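Asker: Before I ask anything, here is the structure I am working with.
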Amino acid sequence: MVEFAKIEGVQKIALKRNSDDRGYVTELMRSDDKFFNKFGQVYIATCYKGVVKAWHLHEIQTDYFYVPFGTTKIGLYDDRPNSKTKGKYQVEILGEKGEDALLIIPPFVWHGQMAISAFSGVINIPTELYNKAKPDEFRKSVDEFEDIWTVKSR
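This is the structure in structure tokens:
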């Protein structure tokens, strides 16, 4: 049975969407924010509805996820041996039909994404540059942990 909890070290920062009749501006992160660590690079990862991109983790890198369009389910699993939330899962729904928030994922927390809308994107502002020669990334297949991706009627 899947046990859900707020995973130790994962933070969700509520953001302010400044909207008017022209559109909106959302400030994602500033270098003077308390939670800011350092800047590595910025990229966007898109996903089609129902596609699951999971699981992976980083030993060094902290990820800062934001969903600028569509709706995305972010799944997290804590496999850290000394964590108070070891063995627990956390799910966040971010984007148009979810929360307008920045999700901070610390090292050694398994994570993945799934589009709930027809198409969605996740902007990531990780603390490290991607190193092709020695990637800070470990992967497991989607079925190596409990199924938190299937949408179930409740």
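Those letters in the sequence shown? Residues 7 to 160, by my numbering. We put the beta carbon where it would ideally sit given N, CA and C, even for glycine. Predicted model, so just to flag it, every value in this text is computed and none were measured.
Whose C-alpha, out of M7, I13 and E9, is nearest the C-alpha of N88?
Answerer: As a position in the sequence shown, residue 88 is number 82, starting the count at 1. The residue with the shortest Cα to Cα distance from N88 is I13.
Asker: Would the region 113-125 count as touching the region 28-46 if we require 3 or more Cβ pairs under 8 Å?
Answerer: no
Asker: Mind checking E9: buried by the 16 CB within 10 Å criterion, or exposed?
Answerer: Your numbering for residue 9 matches position 3 in the sequence shown. By the 10 Å Cβ count, E9 comes out exposed.
Asker: Of the choices E152, R145, Y136 and P141, whose alpha-carbon is the least far from that of Y49?
Answerer: The residue labelled residue 49 in the question sits at position 43 within the sequence shown. When only C-alpha atoms are compared, the closest one is Y136.
Asker: Between V31, Y30 and L63, which lies nearest to P113 when the distance is taken from Cα to Cα?
Answerer: Position 107 of the sequence shown, counted from the first residue, corresponds to residue 113. Out of V31, Y30 and L63, L63 has the C-alpha closest to the C-alpha of P113.
Asker: Who are the Cβ neighbours of V97 in its own chain at under 8 Å, not counting the five residues just before and after it?
Answerer: Here residue 97 refers to the residue found at position 91 of the sequence shown. Only F10, K79, I80, G81, L82 and I154 meet the Cβ criterion.
Asker: Distance check for K92 and D149, CA to CA, integer angstroms please.
Answerer: Taking the first residue of the sequence shown as position 1, residue 149 is located at position 143. Taking the first residue of the sequence shown as position 1, residue 92 is located at position 86. Cα to Cα, D149 sits roughly 18 Å from K92.
Asker: Measure the C-alpha to C-alpha separation of K158 and V128 and round it to an integer number of angstroms.
Answerer: Reading the sequence shown from its first residue, position 152 is the one you call residue 158. Reading the sequence shown from its first residue, position 122 is the one you call residue 128. Between K158 and V128, the alpha-carbon positions lie close to 23 Å from each other.
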